[in-house]
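In this text, residue positions in the sequence shown follow our numbering: the first is 10, and each later residue adds one. Below is one structure, written out as C-alpha cells, with a few remarks after it.
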Amino acid sequence: MWGGRPRPPLLPLTFSLSEVTVTKIHGQKRRARAPAPHTHATPIGGNAYYSDSVPSSSQPVPDTRKRDVSLYQFFAPGGLLSRTHPAYEFRRGQLQMAQAVEQALEEKRHLIVEAGTGTGKTLAYLVPVIRSGKRVIISTGTKNLQEQLFLKDIPFLEQALFPGGEGKLKACYMKGRNNYLCRKKLYDLTDQPVLSGLEEIEHYRAIAAWEKVTNTGDRSELASLPEASALWHKIDARADTCLGQKCSAWDRCFITEMHRKAMESDIIIVNHHLFFADLSIKQQAEYAPDAGILPEAGAVIFDEAHELEDIAGSYFGVSVSNGRFEELCRDVEVSLQRNHMLSASLSGALKSVRERAMFFFALLPTGDGRFAFENRREFMEENGDEFLGLQQALTRLGSELENLSSKPEEVFNFARRAQELQVQLGFLMESEDRNTVFWIERRRGGRDKQNVFLQATPIDVAPILKACLFDKLECAVLTSATLAVGGSFEYMRRRLGLDYARESVLPSHFDYESQALFYAPPDLPDPRTPQFAAQAADRIRRLLEITRGRAFVLFTSYAQMNDVYTRLLGVLDFPMLLQGDAPKTALLEEFRLTPNAVLFATSSFWQGVDVQGEQLSCVIIDRLPFAVPSDPVVAARVKSIDADGGNAFFQYQVPAAVITLKQGFGRLIRSLHDRGLLVLLDNRILKKQYGKVFVESLPPYRRTTDLKQVEEFFGVE
Ligand code: SF4
C-alpha cells in the first residue's frame, strides 16, 4: 500500500506499451505492508553486510556494509572464490574488471568494458556491487542471463559470502508486466466469461485454478499454457489497461507486489526492454517521483550492452497499430456490456471507430515487412479526410465515455486510451521532427489477419540517452563481449551518447590462437552475385565433411538459409536441423543431443546461444552481417550521418557489422576446452579495404585461406 503520499499517475503514460514487471524475491520473507516508495524497508535479519535501511543512491555507504575481504582476496589464487567454486580458475581479466567496476561505483563514474567470453563477468560486477552497499539495477539482453544471475550467481555468492546462512542478499528478478496475470481482468472474466472456443475455456480453467495458489502471478509457472495463448493476452497485466491504485484488486495485485519487492531489494535484475520502457514512462511523466516501476538506484549495470541502441530506440518511439483500435473497442464493449451501460449511441461510436480505423489502415501504402513511410505529406493531401474522420471518431468515443454517469473506474482508462491514440496518430501523420523516421510494418497475425503498425523511431538515440540516462545517473557500467571495434569504443559511445566514461578492453581468458582456426575461402564469388549460393553450398558440404558435422551454419537472411539448406538436403550425411522447424530452445536441445548435427539458422542464433564441448566444433557464416540497407531505420541513420558530413559506411555500417560478426563467431569457443573452426564464406573480408577493420576487431584466431590447413586442424589425412 502506498497510502499517505502522492498517488502515482493512475495510468502509466507510456506510448509504448506492455512493459512493467517483476517477480520473485530471493531469500526474503514476505512483508504484510509495502513501504512507501523512496523510503527504505527494514530488511529481515540484519548483519554486517546489510544495515537496517537500504541506502539511496546518494547516501554514503556505511563502512559496516563492506565485506572485509578485498577483491584480490576474493578472486586471486587461494582466495575465497578458489575455495568455494568447484570450477575455479584464476582469470586476470575478471579481477581487473571487478576492480574497474568497484572504482566506477566508488567514484560515481561511467565505465564501458569489453569482457570476452570466459572472463566470468557476472561475478566481476556482482561482487563490487555487493561490496558497494548501493542499490543497483542489473539490466540484461537475454532471459538466460537474467536466470543465470538470479538462480545461479546470486545464490552462489550468498553461500560463499555467508556460509553459515547468517546473511541474505536482497535481490529480485523483474520481468515485463505482460508476463504477469492481471487479477482484475481474470475476476471480470469470471463474472462474465467471454471466451471463444474450447481451447480458451481450457486455458481459463487452468489459469483460474493457478491464480488461487500462485504467489507471483508469473506465467512461467504455468508450463502447460502455450506461448501463443490468445486468452493470456486478454488477461495479462499490461500497463495500458491497468487501473493503478483505483483498481479493486490493487492490494492483491501481482504488479503492486513486484513493485514492493523491488523497493526492498538491493539488486534488481531486469531486461533492457523493461529498463527502457520504465525510463520512457519516467521521461514522459517528467520524472514525477512515483512514475515508473523501478526504484531509484545508485548504479545501473548493462550487461549485453551491445543491444542498447536498438532497444532504447523502440521505447523512445511511437507505435500505433490497427490492433490497438480493435482492442480498445473490444475492451470498451465487454466492460460496458458487463455493466449494462452499452447504449445505442456508444455502440454507434464504437462502430464508427472500428469502421474508420479499418478504412484508414487499408489506405496506407502497400508493402510487406518494414518500409519507410516517405510520402506522408502526399498521403495526407489525398487522405486527410479519412485521417480526420478517424480522429473525430476517437473524440466522439472519448466524449461518450466521459459523459457516462456513475461509470466504473475502467471507463476513465478507456477514455484516456482513446485520447492517447488520437495524440499518437496525430504525431505519426503530422510531425515534422527531424530526428524521427516514420515507417510502416506489416506482420501476419493469426487467422489470416494482418497487423499493420505505423511507427516513429528516433534516428539518433544518443541525445535522448545522454539527457535522460547518462547525465542523470551516477554510475552506469556497460559491458559485453562485443563492444569495441578495432580496440576502440568510439562507435558505441557515439551511438549511445556516452560522452564521459572510463574504458577497458580486458584480456581474454581463452587461448584463441590455439583453440580456433579462422578460414576465409579466397576463391568463392562475391556473396552478392547469383553464383554464390551454389558454390557456398558446395564449400559448406566439404567443410562439414572435415568437421563431421557438429556445426552451426548461420545466415544473414532466411532466403539464403532456405536456399542453401535445400541444396544440401539429401547431400549431407549428417542430421540437418532448420530454424523454424521447432522452437529455438527445442532446436538447441536437439542439436546438443544429436551426434554430428548441423543447424541452419539466422539472426536469432547469432547471440545468446551457448553450446559447450565438441558437439559444436564449427561455425560457418555466409556473409559479412551488414544491416539491411533498405531497412527504414538503418536507411534513415545512414542518411542522417552522411547529411551531417560524416561517412555512414565507416562510422555506422561497418562497426555495427563488426559487432554482429563478433557475436556470431562468439558461439564457438565457450570454454577453455573448446576447439574448432570459424568460417566466413564472404571473402570481401580479404579483398576490400574495410575488411581490415573486421580482421583487427576479431580475437587473435589463427587464420588461413587454405583448406588443407583446415584438414590438418581436424587431423584429416
Ligand atoms: S492494479 Fe488492477 S488492473 Fe492493474 S494490473 Fe493490478 S490487478 Fe490488474
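Heads up, the beta-carbon is just placed ideally off N, CA and C, and yes, glycines get one too.
The three-state secondary structure of T603, taken from DSSP, is coil. Between the alpha carbons of R576 and R684 lies a gap of roughly 28 Å. Taken through DSSP and simplified to helix, strand or coil, V628 comes out as strand. Contact between P536 and D631 holds, since their C-beta atoms are separated by about 7 Å, short of 8 Å.
Counting the other Cβ atoms within 10 Å of the Cβ of S344 gives 16 or more, which makes it buried. Boundaries for L303: no beta strand (DSSP E) harbours it, and the DSSP string shows neither H nor E there. Fewer than three Cβ pairs drawn from the segment 648-658 and the segment 578-585 lie within less than 8 Å of each other, which leaves the two stretches out of contact. For the pair of segments examined, the segment 100-120 was found not to touch the segment 493-502: the number of CB pairs separated by less than 8 Å stays below three. In the three-state DSSP reduction, Y528 falls in the strand class (E or B). Per the coordinates, the alpha-carbon of P164 lies some 18 Å from the alpha-carbon of V78.
In the structure shown, E450 falls within a strand segment according to DSSP collapsed to helix, strand and coil. Counting only runs of 3 or more residues that sit fully inside the segment 178-252, the beta strand (DSSP E) segments are 180-182, in chain order. Residue range 459-467 is occupied by the beta strand (DSSP E) that includes P467. Taking 9 Å as the cut-off, the beta carbon of R347 is found no closer than this to the beta carbon of C262. DSSP places A294 outside both helix and strand once states are collapsed to three, so it counts as coil. Listed as beta-bridge partners of I147 by DSSP are I278, I310. The three-state secondary structure of F561, taken from DSSP, is strand.
Between the ligand SF4 and I216, a heavy atom-to-CB distance of less than 8 Å is absent.
In the DSSP assignment, T713 falls within the unbroken beta strand (DSSP E) covering 711-713.
No heavy atom of the ligand SF4 is found nearer than 8 Å to the CB of T225.
Chain order is used for the residues whose beta-carbon lies nearer than 7 Å to a heavy atom of the ligand SF4, namely C191, R192, K193, K194, A246, T250, C251, L252, G253, C256, A258, W259, C262, F263, I264, T265.
Cβ-Cβ distances below 7 Å link R426 to D249, L337 in the same chain, with the five nearest sequence neighbours on each side left out; the list follows chain order. Beta-carbon to beta-carbon, L687 and E123 are separated by about 19 Å, too far to satisfy the 8 Å threshold. Linking E313 to S489 through their CA atoms gives a straight-line distance of about 5 Å. The alpha-carbon separation between F421 and L410 amounts to approximately 8 Å.
Per DSSP, the unbroken alpha helix (DSSP H) holding A427 starts and ends at 418-439. Straight across, the Cα-Cα distance linking Y81 with R676 is about 30 Å. Distance check between F722 and each of L526, N187, D394, K481 places L526 closest, using alpha-carbon atoms only. Collapsing the DSSP output to three states places I473 in a helix. G407 and L303 have their C-alpha atoms spaced approximately 31 Å apart. Within the model, the alpha-carbon separation for P531 versus T714 is close to 6 Å.
E273 has no beta-bridge partner at all, per DSSP. The beta-carbon separation of I147 and L158, rounded to 6 Å, stays under the 8 Å limit for a contact. Distance from V642 to T466 at the Cβ level is roughly 5 Å; contact confirmed, criterion being Cβ atoms closer than 8 Å. Per DSSP, the unbroken beta strand (DSSP E) holding V514 starts and ends at 511-514. In this structure, L487 sits away from L90, with a CB-CB distance that is not shorter than 9 Å.
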